[in-house]
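For the record, the sequence lines run as chains A and B.
Counted from 1, the first sequence has number 298 at position 298 by this note's numbering; the numbering is strictly sequential.
Counted from 1, the second sequence has number 37 at position 37 by this note's numbering; the numbering is strictly sequential.
For glycine and all other residues, C-beta sits at the position ideal for the given N, C-alpha and C.
See structure below.
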Amino acid sequence: MSGGVDSSVSAMLLKQQGYDVTGVYMKNWSKDLPGMKCPWAEDLADAKRVAVKLGIDFEVWDFEKEYFERVVEYMLSEFKAGNTPNPDIMCNQEIKFKLFFEKAMERGADFIATGHYARIIDGKLARAVDEKKDQTYFLYRISDEAISHTIFPIDEMLKPDVKKLAEENGLHNAYKKESMGVCFVGEVGMKDFLKEYIDIQPGEIREVETEKVVGHHEGAVFYTIGQRHGLYISGNVGEVNSGLPYYVVKKDLEKNIVYVSRNLDSNLVWVNELELKDIILKDKKINNLTVRLRHLGELIPATLEGDTLKFENKIKRPAAGQSAVFYDGEICLGGGIIL
Amino acid sequence: MIYLDHAAATPVNKKALEAMRPYFDEDFFNPSAAYLPAKKVAHEYEEAKGVIAHAIGAKANDLVITAGATEANNLAFSAVLDGRVLYLATEHDSVRKVAEQYSGEAIEVDKNGRIDLNDLKAKITDDVILISVALANNELGTIQPLSEIASLIREVRLNRLSRGVKRPLYLHSDASQAMNLLNVNVARLGVDLLTLNSAKVYGPKGVGALYVSHDVKLKPASYGGGQEQGLRSGTENVPGVIGFAKAVEEATKHLNGNRKKYAELKKILLSELKDYELVNKKHSLDNFIVLCYNGIDAERLIFLLEDKGVYVSTGAACAANKGAKSHVLAAIGLSDSEINGSLRLTLGETNDEEQIHEAARLINEAVTLEKSRG
């Protein structure tokens, strides 16, 4: 229970369905960051308030150390290698549906439940009924074993109905903003977060076509392919020179150079193929493969040949380290990490 | 609403609110400006400081107005130029955390939360320059024997002088919780530094004061225009101090009546509540009631009672929010499960007898509900 409306309603539904429910707040992160107070203590109090009103047991499980080791350190090393990892996917794989799951099983639970928008159909992960809220992009790496002991109580509900149900049952918290994944990603930019752990290292921004130096940056690791904002070009932030903004198309980590372009048609950006690593494929029999390249992104038809995803039409290349998630209809088959 | 958390915050006294009002718009002048209307504001500001000072037996110039008690506590520790500090194990974090910056060492308390004077004696070595002991504790309401501590300190000072040891020894006390419940007089208490807090005495939040005796040299909290005897530069918070003064005046006027009222309400509560252990049995402020329901998670009671419009607390409001166990209750020797089951009720001017009967009933009901959950 995060203190948010989704997990609160989930707990309530389980209680109503007759389960013996224990609410657990997972403490994964508590550190304040520049310009952002980590809301963990308030979230914890909100979660506990809901548990008390439902009349269920409530516990706090502290995974702060493990979260740092398995999610944050992974993230930092990926960024240092020039990639753009997704901490939510890692958190689900390593913490929520692994450590939390294992501890719950040890404690004698039959199931774990979360407030994710996703379904489980015949033991397979599937997209939520509320397509606008579907979170399977973040869940594709969780194990089959965890899935077989997981309940998503709001799997078939629409977000507005979840909110309404919360209100009707006095579970809504009028003062609460919607929580977004891990606490630091939502509120501070990733760059601010990284700066806490990685020293700035000034370097050049070059135009990819001409090699001309057009500005300077604070360290190539802080920039993501496709990024347009926060580029110090000609002394101005995100300056529009000739009608078109520069955006990041390439990084040279060794020389600490960020390459930018104004050419939106650059073949660095538009590709037919993506190489993947660490592929998970839960069913080799695929009827109609579609692929999602970001959370709630368009479902793009593709074929998987070995470790290569092939697209009929060119796609805008996602940053390395992001995930491509596979679907067959509404079933989530797995996915891989983009090289 | 039945508000039983007056140690966390108090509503601003109506008369104080009225007194403040003109200083936001009509009499908004900067007290440092040269023209007469500004001089008038400066004068009224000084008078208000005088009222606050008078209530503790001091003069306006002995007070440094701050933005609350935390800042006053921090400023008090700037007396430490070299040397160590001692503080009571049960101090508020605004003392504990500062003391940690000055190699602070904690003095033990007994099971009632009172200072262990032998432990204090043993710990006052020649390198100690400041000792900080709150007049009344913020979680238990325990009143400390400040004048006894002060006379002990006087002996140490004399002894130091006789041996040619130059380091001074100061006594600081945070009187935030006590000012409207006890007669506070700096000479009688024997303190060199005393922290006051407007927000706990029905004055506005964000205003406090540090009484500084003439012997103590402090390092300024901020540099600038030289306000507050040069110790805290910055344009004066005129409405805040006017409101603080009025609140203090009212508190002094009603001190005895209120104490009697709280003692009576406390008696009613304790007789009507069921199945509890009283934690703060002795030496406690009249309005503090700390109950222990061993085996129950008292934080759950907060949420159950909140639904019924009854507002209570498990300890310091700041600690309660962070899931950290109370260092105060640990210091008086409570077990983890007893700490978990402890509920703090603090009475105040918003309460009457009818409310207290109702509160007792609702608390009993919540406790029964939690117990039945098993």
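Check	Outcome
I believe Leu140 (chain B) touches Gly113 (chain B) by the beta-carbon criterion, under 8 Å. Please report the beta-carbon distance rounded to the nearest angstrom.	5 Å
Residues of chain B with a CB under 9 Å from the CB of Lys65 (chain A): which are they?	The contacting residues do not exist; Lys65 (chain A) stays about 16 Å from chain B at best.
Run through chain A and tell me which residues come within less than 9 Å of Leu304 (chain B), C-beta to C-beta.	Val52, Lys53
I'd like the span of the beta strand (DSSP E) that includes Lys27 (chain A), first residue to last.	22 to 27
Once the 5 residues before and after Thr303 (chain A) are set aside, which same chain residues still bring their CB inside 7 Å of it?	Leu289, Lys310
Can you give me the C-alpha to C-alpha distance between Glu44 (chain B) and Ile242 (chain B), rounded to a whole angstrom?	8 Å
Please compile the residues from chain A whose C-beta is within a distance smaller than 7 Å of the C-beta of Arg300 (chain B).	Val52
Using 9 Å as the threshold, is the C-beta distance between Asn256 (chain B) and Tyr3 (chain B) below it?	no
Under 8 Å by Cβ, that's how I've got Leu86 (chain B) and Ile124 (chain B) pegged, so tell me the actual separation to the nearest angstrom.	7 Å
By how many angstroms is the C-alpha of Gly335 (chain A) removed from the C-alpha of Ser257 (chain A)?	Note that residue 257 (chain A) is Ile in the sequence shown, not Ser. Cα-Cα distance, rounded: 31 Å.
Could you say which of A:Ile89, A:His217, A:Thr224 lies nearest to Val249 (chain A) if we only look at CA atoms?	A:Thr224
Taking only heavy atoms of the ligand HEM into account, decide whether any of them is closer than 8 Å to the Cβ of Val95 (chain B).	The ligand HEM is not among the ligands present in this structure, which contains no ligands whatsoever.
Listing by chain order, which chain B residues have their CB less than 8 Å from the CB of Lys48 (chain A)?	Glu299, Arg300, Phe303
Within the continuous beta strand (DSSP E) that includes Ile279 (chain A), where are the two ends?	270 to 281
Measure the CB-CB distance between Ser94 (chain B) and Asn74 (chain B) and report whether it falls below 9 Å.	yes
Counting only Cβ pairs nearer than 9 Å, list the residues of chain A close to Arg373 (chain B).	Gly55, Ile56, Asp57
What is the residue span of the alpha helix (DSSP H) that Ile302 (chain B) lies within?	298 to 307
Please report the Cβ distance between Gly3 (chain A) and Ala47 (chain A), rounded to the nearest whole angstrom; I am assuming they are in contact, meaning their Cβ atoms lie under 8 Å.	4 Å
Closest Cβ-Cβ distance between Asp307 (chain B) and chain A: below 9 Å?	yes
Tell me, please, whether the CB atom of Cys183 (chain A) is closer than 9 Å to any CB atom in chain B?	For Cys183 (chain A), the predicted structure reports a pLDDT of 48, less than 50, and the residue's modelled location is therefore unreliable. A value from the coordinates is still provided. Chain B contact via Cβ: absent.
Who are the Cβ neighbours of Ser222 (chain B) in its own chain at under 8 Å, not counting the five residues just before and after it?	Arg232, Ser233, Gly234
Tell whether a beta-carbon distance below 9 Å holds between Asn340 (chain B) and Asp297 (chain B).	yes
Cα separation between Val291 (chain A) and Cys91 (chain A)?	21 Å
In this structure, does DSSP put Asn237 (chain B) in helix, strand or coil?	coil
From the DSSP output, in three-state form, read off Tyr197 (chain A) for me.	coil
Buried or exposed for His217 (chain A), going by 16 or more other Cβ atoms inside 10 Å?	buried
Using the beta-carbon count (16 or more within 10 Å), is Lys285 (chain A) buried or exposed?	exposed
Between which residues of its own chain and Gln17 (chain A) is the CB-CB distance below 6 Å, once the five residues before and five after are set aside?	none
Do we get a CB-CB distance below 9 Å when we pair Leu4 (chain B) with the residues of chain A?	no
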